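Sequence lines, in order, name chains A and B. Per the UniProt record's numbering, residue 1 is the first one in the first sequence, and the count goes up by one each step. Per the UniProt record's numbering, residue 1 is the first one in the second sequence, and the count goes up by one each step. For glycine and all other residues, C-beta sits at the position ideal for the given N, C-alpha and C. Being a predicted model, the structure only gives us computed values, none of them experimental. Presented below is the structure to which this report refers.
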Amino acid sequence: MAAVKTTSEVTLNRLAVVAVLIITIIFLAPIYWITATAFKPRNLATTIPPTVVFEPEISPFVKLFLRRSQLREQPTAEEYAEAPWWERLVFDGGEKIVRDGKGNVQLSGYPSRFMNSLIVAISSTVLAVGMGTLTAYGFSRFKVAGEQDWLFFILSTRMLPPVVVAIPMFLMYRWFGLNDTHLGLIILYTAFNLSFSVWLMKGFIDEIPKEYEEAALVDGYTRMEAFFKIVLPEAATGIAATAVFCFLIAWNEYAFALIMTRRDAQTAPPFIPSQVGSGLPDWTVIAAGTFLFLIPVAIFTFLLRNHLLRGMSFGAIRK
Amino acid sequence: MATLAMTTLDPQSRAARRGWSDLTIRNAFIIPTIVFLIVFNIFPLLYSLGYSFTDFRASTNAPANFVGLANYRALLNDPFIWSNFAITAKYVIVSVTGQVVVGFGVAMLLNRTIPFKGLITTLLLLPMMLSMAVVGLFWKLLYDPSFGIINYALGLGRFEWLSDPDMALYAVAITDIWMWSPFVMLLSLAGLSAVPKHLYEAAAIDRAGTFYTFFRITLPLVAPILMIAIIFRTMEAFKTFDLAFILTSQPSAELISIRLYKMAFQEWQTGMSSALAYIMLIMVVGITNIYVKYLNKVKER
């Protein structure tokens, strides 16, 4: 651009800045709204006009973790006074905590689904990134006949629609007793992320100069030592970025989890929407569950911000 | 795995005589991945290819009978399946066009000096990182006819976004546009920032108009990257399941993936659904081919 800007250009720039701000606010509004709902008292969650100003509560989060049932009769003043603070919050909402025969507090379905999500996402990430890094190194450093075809084959497995893969996998898993198990889901997510991890890691490893390893080989390292001591440390950032991507993909996945799991291994994405089901859902509790589920995503997106372009283009666009 | 057979070794291999040979390492690094993908992706597909020629139902113990191409013939002659494809095509066009317009537009706006540009860009990218299922869920809250903030903000009264047959598909597309415009924006920004500044300077000296500059300089140079975004989003929109499945149960918004899911896991028509899966698969592989060609083209630049 010319060094001297005309007045109309300055005005245009200001207008663009204002437009960007408005667009940002509109884009973030849905996320803000679900977050706000997670901290609302139940009677303010579904009001018309919508409640914007309110005193934040943590009762939705307490309720999220506990199994509750409708309160038939009000607790006596004594019962209420003796109850811990979190139980009082449940009483205030017209519900009571469900306890087993020994009087132990029963948890809701949420904590176990959240744990399942963590187990499956972390295990499949470790496997996919581990295998993917090795394979990427193999393709990056050695001659492979039909390299392009193999890489296309690897990527094409990633593009298969989940429901298409799920039909035969469901039948095979039924045969092997892998439906509704962590292992079953871990295998599926590993396969799904493996191709992504190979493509992304290949980009990162291609960027590490071959001369580093060659120097190490001359110094008496074996190829394996050079790989572990030179290449892996150099690729650390790439490995971390790839791992975060794989984790998020597994964490967010819905279709496979819906089809392959029922209860024991069910992850959060199919569980959270299933709470809306019948009757009048308590949107504050659903929002609280959604909010907790989205926190890792928001943190990782922030950490990944400089690698998003690369990850989203399977390593093709590097900037 | 004949294609993996060794061609020529890396010239440096003489240094790797100690420990594993390069050949061993290469095979040990690559073959497990290939085998894993074949066992868990390709083998299941062959398995379902077999089922697509039978009348198998996974809900019964009845043995599968070979029916030849009857499933394929039935599907291709089924007007309901064609209408599912038509709905999907409409959805793809609306949602991808929306994403390109919004995403590229915002990228044009962002392609200048703006205070807190990095932070704003990251915030704008957040929607595409979220889970489709969870996004679908909380947009249900936003779309709610009686207490949703969308109706309130737009003053639409009790407008039925998700249960109006004419609107449901567009409502899903709007959510998809919200979620994935950031993706188009991200790629467009990369394309825009790669346009050499001197071209704009030259255009300014020649007193070229804004439109001329845009259509003759900006657009042609951003086009290859924009194409990647468009093809990728087209493929993903074609496969859409989560978002539409959670948002609405309107038949007018029944995308082909949802039809496939219902056929396979609610009606248990395993053989028939395997055939439909194959029809979808062929289409997806076709788009993937185009996509990878463009990826490699951009890579070479």
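Inter-residue Cα distance where the pair is residue i and residue j
i         : j         : result
Phe80(B)  : Pro281(A) : 34 Å
Ile317(A) : Asn296(B) : 10 Å
Gly105(B) : Thr24(A)  : 13 Å
Leu187(B) : Ala229(B) : 7 Å
Lys96(A)  : Gly315(A) : 52 Å
Met218(A) : Phe142(A) : Reading the sequence as shown, one finds Val at residue 218(A) and not Met. For Val218(A) and Phe142(A), the distance between alpha carbons rounds to 18 Å.
Phe214(B) : Val101(B) : 15 Å
Pro30(A)  : Ala86(B)  : 30 Å
Gly184(A) : Glu201(B) : 58 Å
Met6(B)   : Leu162(B) : Residue confidence is low: Met6(B) scores 42 on pLDDT, short of 50, so the model does not pin down where it sits. No coordinate-derived value is stated.
Lys140(B) : Leu134(A) : 43 Å
Trp82(B)  : Ser156(A) : 26 Å
Ala89(B)  : Thr234(B) : 10 Å
Ile231(B) : Arg113(A) : 35 Å
Asp144(B) : Ala287(A) : 15 Å
Ala226(A) : Glu213(A) : 6 Å
Glu79(A)  : Tyr110(A) : 27 Å
Ser193(B) : Gln99(B)  : 20 Å
Leu110(B) : Gly191(B) : 12 Å
Leu308(A) : Leu64(A)  : 32 Å
Tyr47(B)  : Pro162(A) : 16 Å
Phe271(A) : Asn116(A) : 11 Å
Lys293(B) : Ile287(B) : 10 Å
Same chain, Cβ closer than 6 Å to residue i, five either side skipped, listed in chain order
i         : result
Ala16(B)  : In this predicted model, Ala16(B) has a pLDDT of only 45, less than 50, meaning its place in the structure is not dependable enough to derive any value.
Ser123(A) : Ile186
Thr3(B)   : Reliability of the predicted coordinates at Thr3(B) is poor, the pLDDT of 42 falling under 50, and the value obtained from them is presented with this limitation in mind. Contacts found: none.
Pro182(B) : Leu124, Leu125, Pro127 and Met128
Asn13(A)  : none
Ile230(A) : Tyr212, Glu213 and Ala216
Thr181(A) : Ala265
Ala64(B)  : Thr54 and Phe56
Gly94(A)  : Leu71
Ala121(A) : Phe247, Ala250 and Trp251
Met1(B)   : Confidence is the limiting factor: at Met1(B) the pLDDT is only 39, short of 50, which leaves the residue's position unreliable and the question unanswerable from this model.
Gly132(A) : Leu194, Ser197, Val198 and Met201
Option in the options with minimal Cα separation from residue i
i         : options                                       : result
Gln106(A) : Pro75(A), Ile122(A) and Arg68(A)              : Arg68(A)
Ile34(A)  : Tyr137(A), Glu147(A), Pro50(A) and Phe300(A)  : Pro50(A)
Asn306(A) : Arg207(B), Tyr143(B) and Gly118(B)            : Gly118(B)
Ile205(A) : Gln266(A), Val126(A), Ser140(A) and Met260(A) : Ser140(A)
Arg262(A) : Ile249(A), Phe300(A), Asn179(A) and Ala288(A) : Asn179(A)
Val90(A)  : Pro41(A), Ile249(A) and Ile230(A)             : Pro41(A)
Phe27(A)  : Val292(B), Leu247(B), Thr122(B) and Glu236(B) : Thr122(B)
Phe170(A) : Ala16(A), Ala257(A) and Leu248(A)             : Ala257(A)
Leu294(A) : Arg310(A), Leu248(A) and Gly311(A)            : Leu248(A)
Leu37(B)  : Met115(A), Ala19(A), Thr190(A) and Pro233(A)  : Thr190(A)
Gly19(B)  : Gly220(A), Tyr254(A), Thr267(A) and Ile208(A) : Gly220(A)
Neighbour flag for residue i against chain E, beta carbons, 7 Å
i         : result
Met227(B) : Any reference to chain E falls outside this structure, whose protein chains are A and B.
Residue i in three-state terms, based on DSSP
i         : result
Val105(A) : strand
Ile48(A)  : coil
Glu95(A)  : strand
Leu66(A)  : strand
Phe142(A) : coil
Thr54(B)  : strand
Phe66(B)  : strand
Met260(A) : helix
Tyr170(B) : helix
Ile231(B) : helix
Asp219(A) : coil
Gly277(A) : coil
Tyr254(A) : coil
Asn111(B) : coil
Ala316(A) : coil
His307(A) : coil
Supposed contact pair residue j and residue i - C-beta distance, whole angstroms, cut 8 Å
i         : j         : result
Pro296(A) : Ser131(B) : Between Ser131(B) and Pro296(A) the Cβ distance is about 11 Å, and since that is not below 8 Å, they are no contact.
Leu255(B) : Asn84(B)  : 7 Å
Tyr278(B) : Ser52(B)  : 5 Å
Arg158(A) : Phe192(A) : 7 Å
Ala244(B) : Ala237(B) : With 8 Å as the limit, Ala244(B) and Ala237(B) do not qualify as a contact, their Cβ atoms being about 10 Å apart.
Ile208(A) : Ala235(A) : 6 Å
Cut-off 8 Å between Cβ atoms - residues of its own chain near residue i, not counting five sequence neighbours on either side
i         : result
Trp144(A) : A small fix is needed here, since residue 144(A) is Val in this sequence, not Trp. Answer for Val144(A): Gly138 and Trp150, listed in chain order.
Val195(B) : Ile217, Thr218, Leu221 and Val222
Val67(B)  : Phe53, Thr54, Asp55 and Gly271
Asn252(A) : Pro269 and Val297
Close-in-space but distant-in-sequence residues of the same chain around residue i (CB under 7 Å, 5 per side omitted)
i         : result
Trp268(B) : Arg57, Ala58 and Ser59
Val98(A)  : Arg67, Arg68, Ser69 and Gln106
Glu87(A)  : Ile97
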